[in-house]
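Under the working numbering, the first residue of the sequence shown is numbered 17, with each subsequent residue one higher. We put the CB at the ideal spot given by N, CA and C, even for glycine.
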Amino acid sequence: MKNIRTRKRKNSRTEKPLSDIHIVKIILSQSNTYAIERSIENYITNLSPERQLRVSKNLYKHKRIREVFNLKSEKYTSFIKRNISTNLDSSVLLNLFLKFVIENKELINKYNNLALKLEENICLGSYNNVIKTIDEIDNIFGKTIWSIDARLSIYSIFNKVKESEILQKSDSNIEIAQITSLLTQRNIASSANAFHDQFFSNVLNEYEKTSQLEYANMLSLLITPERELSNLEYDPLITISQSLNVIDRVILYKKLFRLILTDQKQYHPELKDTVRSFVKELSSHINDESWKNMASFDHKKIKTRSNKEQLYIIEKYSKGEYEECVDLIDNYLKSNPRDLSAIDILCKSIIFLDDDNFSHSILEGQRVRVAITGALIGLLSDFNKYDLYMEQFKTLELRYSCFDFILSARPMFMLAYPFISKERIIKSCMSLACTDLPLSPKYASKIDNNDVVNSIDVDFLGQKELNKDSLTRSRIIRIEIQEAFQSKSIDRNKIISMLEILTKETDILTPEKNYILSKSLIALDEWEKIFSLVADEFIENRSSHLTFPIEEIANHIENCDIYVNDIKAIICYYIYSSTYSKASKILAAERVEDYLAHNNYGLPSELLSNITKLDKYQEFFFSEVCNREMLGDLININSSKMLNIERLKLISFLNDNFNYSNNNLLAEERNIFDVIIFGDIAVEHGYNKINIDSHDIKKSKFSDYSGHFEQFRNLGDLDHSSIKSLFEDSDEELTSENAINHFYGVLYQKIVSDFIQDNDYGLVRYLSSEIRHGVMPNQLRSVFEAHKLITEKGPGNKYETNSHWDNIYKDTLSNDYLLVINKNLEEFSEQVDKLIDNANNWAAVTTNINDRNIAFNFGHDTEKLKKLRRYVENQENSDQFFERCTEFIWSEVDDCLKIMRSLLNKELKADFEALCNNLCVSLSSRHNPTQLFSHITQARNAIIEEIAKIETWFRRPHIALRNNYPLRYLIEKSIECVEDIHYPKEIKYHTNICESFNEIYVNNDQKTGLTRSLITTYQNCIKYTPSEPLIHFDISTYKEDNKIKIVISNEIDKKRIKNGDAELILKKVDNFKKTNQSTLLSKEGGTGLYKAYRYVFDYIDNSDLNIEILNNKFYQKITISEDSLS
């Protein structure tokens, strides 16, 4: 291995004129391992690269040196040798290991053969053969981290719970017990995200806190997929790998060197050369083809590795012979069980055949294939469930990460939606290229392919291999598109015509179709067409953005000013800002502003009020693009009230003028009414500090929850065996209940991620900005600062001297006692800050169920999943499902809020009280600093009051201090709201509210429905009044027979009476039923009367709405039984 070179070290000393043999003798003369390591480092690091290699080879000849570097051919009895501390260059360490491998290549090859056999038996589903093989490996090499990992993964695959429990308890070594526990958690976690968020991240943080970052990185590389790892320092990993036994080191190096050799960033060119030389030399001595393929890896010269069977399957697939493909793949996977990439064609063939029987008949008993196939079919079939099925694969990939066969499955999942991440596609194909597994033309083409022409057709054999006419129609069109691009003179119209034909073909998946359309249209510079395509599909399905190059489209829009008046381009940029890059939302707002300015308007409502007919793009623009978050970034909106009124105007105009509404808009309208009319009360009492922006979560993530809803609905229709077939760990011991709980675990993680952990919409945003980041700490600290009892930290991390009391007592107390006061106040300052920090940490969020030091703990166990199930099962539709998910997480938040209030009330108050009392005791003496004692006592009382105020922050938002509201107040506030909505139109109204209404109250729930009903009736007045600049209506109230009457009236447009509209309206109201006719809320026909009717009826018992037309006047009468109020 003559080509391996080392990095030159800075500040190296002049080489000593010692011979190689003399150096070796000096090193071997040392008395202990540590001295040998230091001696090796001191002598070798000062040598030239050539001599370093030469001396290291001489050193290797001595057993003591081999033992120092944990290189033994006999069976290992320990897992990790933690006393390795050498800082030798990577090239030296790799040379020593290379020498060992060459000398013991039969042993290493024996392991390679057994590991290969193990993977084949796992994929074939042969448990007995799997156990026999892993036992043989352990008997030869001793237990390794890899073998424990492999066993636990095997027990997970075959659902051997008892065997897993026995293995967990079998080793008394603390360190390996921790690793076993880590691996166990990985295999039982409901999802990959759950493992990382709830468990692994905490473990890694603990290692990092104790300066064991390299060890943490080594564990990460050993037990997780390498694609999860980034920004690793490679050299320290090679150094710490000396602590591993030989087998674990082989596993680590295989993963690590794949990362290094496929790293395109060129951050470590010298190390990459060293590794490449090492791999090349190693590959010539061992029988694992992975090393040979790594040694020859060049991303610019990728060669395919396809066997005849694989090419024959691709040929049949290209011809559309899907049924035969299914049978061929079944046979292929029996002889090539580790090549899971064949499942890609299998899944697509099953989808095109549209026959579920194929998926059940060939996969019985082969759990790995069942799991991979189920996840991929789901991913390819329904992009609404992209997150769900991708998370399923990531979980499988995590559990099987100790086996190379999983690398053959990764590219097909990454390529399913090719625009999601080009980097992930290339990386997964590169990793596959560095294994011994087949590499199809499809995957080889992705490693270094930026040519639109060649990247369109990669899923079948092209015209060079087959007669084009033998292919299916969709594939012929794809080839013709390629040929059109390759011709010297590109016929744009011909290509566009072929693209239109392609969209009508059935044996092409939506992501494939949109990939070809997008790449082709961009190559033709047909940006307006792609804007239309993206906008059309997104309006139809909010998850369709996954199938388009949204970031590339957004970058083009950013760099071109010609699209300022293109509403489809604005929609595309909105999609980018809301789904891919929230950091660009300001730019999205600027695009909306430019669009409005181009049309000579300042606000969206001004533009909407002047439109006579809406197309679908305008509907989407006003209903979704111009949401509250977007409006908040417009330069012409300068207050929260103005923002809410503007949004309310848009919703009202859409409903009243265009009869456009939906459940989301109705819910948003209700929320805005609450904020506008009752928000001042909530703000006044500080009840707006805790919140979850469920409205925007629904807008951005609703398709995910629709996917979960459909999944649970489908599960409900399946029998026990069918449910088990969806679960890769299925066998006799698995109940359908446990299988379903797995999916509830995934849903739970999704809810926590969106509603709690999302920094834009989740609870953490409000906990951070409204409480933890300065607000609560400052509020508590200011009490003691106001009483001059604490100081800030100064230089040296010490608290500053409290000069205030020095000045107060300098003439009356001795210097010694002043020092006592200062010392006690310094300690008091430190203790105050510790208590504040502790309280602030209570308000953090954790998903580690065992962390009881945090109030907002969203870890989960079986009982939590049962609770979630009670909330969400048996829902009728996706909307109800989402609302129940929202209610569930709020119930969880309520529990956390209760814990937080209890901690503040019982612990923090007591702690501060004790701290103040102890300070007084410490200062007690024959001196009597009365003024200081008075300040301490006042501060003690004040901090108790302040904590009581802070307790009120930890409640649900918008809970009024009082439960009852005067009816007069609701009428007045609702009128103000309507005036704001229709400003600058002038609205005149006359009120005749009897005095008794000041003594009539509605409760917190009733006020919501009644206020909305009142606002809707006012809107109806405006709708039915004659078209004049001045709008006028009357409001009168009275009591009659224990009934409260609110009558809203206005002059009706005479045209409506003449053409019969008024009579139709009367009939509609007469037909309203006091049952849930929810469709009328959004599709009633624009009268607004059903909304007013339902609002009052739903919230107040024994209530009603009637209308009457008399003498050209339109009357809306709300009737409420007084007994129903409060």
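Contact with chain B by residue i, beta-carbon distance below 8 Å
i: residue 171; result: Structure shown: chain B not included; a single protein chain is present.
DSSP state of residue i mapped onto helix, strand, coil
i: residue 829; result: coil
i: residue 580; result: coil
i: residue 556; result: helix
i: residue 661; result: helix
i: residue 429; result: helix
i: residue 541; result: coil
i: residue 66; result: helix
i: residue 872; result: strand
i: residue 479; result: Confidence at residue 479 is low in this model, with a pLDDT of 42, below 50, so its placement is unreliable and the value that follows should be read with caution. In the structure shown, residue 479 sits in coil (DSSP, three-state: anything other than H, G, I, E or B).
i: residue 321; result: strand
i: residue 999; result: coil
i: residue 454; result: coil
i: residue 1132; result: strand
i: residue 28; result: At residue 28, the pLDDT of 44 sits below 50, so the modelled position is not reliable; the number obtained from the coordinates is stated separately. Here residue 28 sits in coil by DSSP.
i: residue 705; result: coil
i: residue 231; result: helix
i: residue 1050; result: strand
i: residue 1147; result: The requested residue 1147 does not occur in the structure, where the chain is confined to residues 17 to 1142.
Distance between residue j and residue i (C-alpha atoms, nearest Å)
i: residue 62; j: residue 104; result: 11 Å
i: residue 347; j: residue 325; result: 10 Å
i: residue 1010; j: residue 1055; result: 9 Å
i: residue 956; j: residue 714; result: 45 Å
i: residue 844; j: residue 811; result: 18 Å
i: residue 917; j: residue 970; result: 7 Å
i: residue 593; j: residue 302; result: 51 Å
i: residue 657; j: residue 909; result: 28 Å
i: residue 44; j: residue 80; result: 8 Å
i: residue 1008; j: residue 672; result: 27 Å
i: residue 623; j: residue 646; result: 16 Å
i: residue 335; j: residue 487; result: 4 Å
i: residue 59; j: residue 39; result: 7 Å
i: residue 680; j: residue 1135; result: 28 Å
i: residue 1137; j: residue 589; result: 52 Å
i: residue 417; j: residue 628; result: 60 Å
i: residue 318; j: residue 546; result: 33 Å
i: residue 13; j: residue 665; result: Examination of residue 13 is not possible in this model, given that the chain is present from 17 through 1142 alone.
i: residue 712; j: residue 940; result: 58 Å
i: residue 446; j: residue 565; result: 22 Å
i: residue 365; j: residue 877; result: 39 Å
Best match in the options for proximity to residue i [C-alpha to C-alpha]
i: residue 770; options: 898, 179, 986, 272; result: 898
i: residue 610; options: 635, 596, 633, 577; result: 577
i: residue 126; options: 500, 155, 1029; result: 155
i: residue 288; options: 317, 306, 258, 249; result: 249
i: residue 582; options: 597, 558, 615; result: 615
i: residue 128; options: 419, 252, 199; result: 419
i: residue 690; options: 382, 1023, 533; result: 1023
i: residue 316; options: 278, 339, 667, 502; result: 278
i: residue 1006; options: 824, 875, 1063, 804; result: 1063
i: residue 643; options: 630, 619, 778; result: 619
Cβ distance (whole Å) where residue i is taken to contact residue j below 8 Å
i: residue 305; j: residue 452; result: 4 Å
i: residue 692; j: residue 660; result: 5 Å
i: residue 454; j: residue 343; result: Not confirmed; about 19 Å, so no contact.
i: residue 920; j: residue 960; result: The Cβ separation is near 11 Å, so there is no contact.
i: residue 169; j: residue 209; result: That pair is no contact at about 19 Å.
Proximity test, residue i beta-carbon vs the ligand ATP heavy atom, cut-off 7 Å
i: residue 869; result: This structure does not include the ligand ATP; it has no bound ligands of any sort.
Considering only residues of the stretch 767-799, which uninterrupted alpha helix (DSSP H) runs meet the minimum length of 4 residues and lie entirely inside it, listed in chain order? 779-783
Enumerate, from N- to C-terminal direction, the unbroken alpha helix (DSSP H) stretches of 4 or more residues contained entirely within the stretch 129-186. 143-157, 161-173, 177-184
Give, in chain order, every unbroken run of the alpha helix (DSSP H) that is at least 4 residues long and sits entirely within the stretch 629-673. 632-636, 644-648
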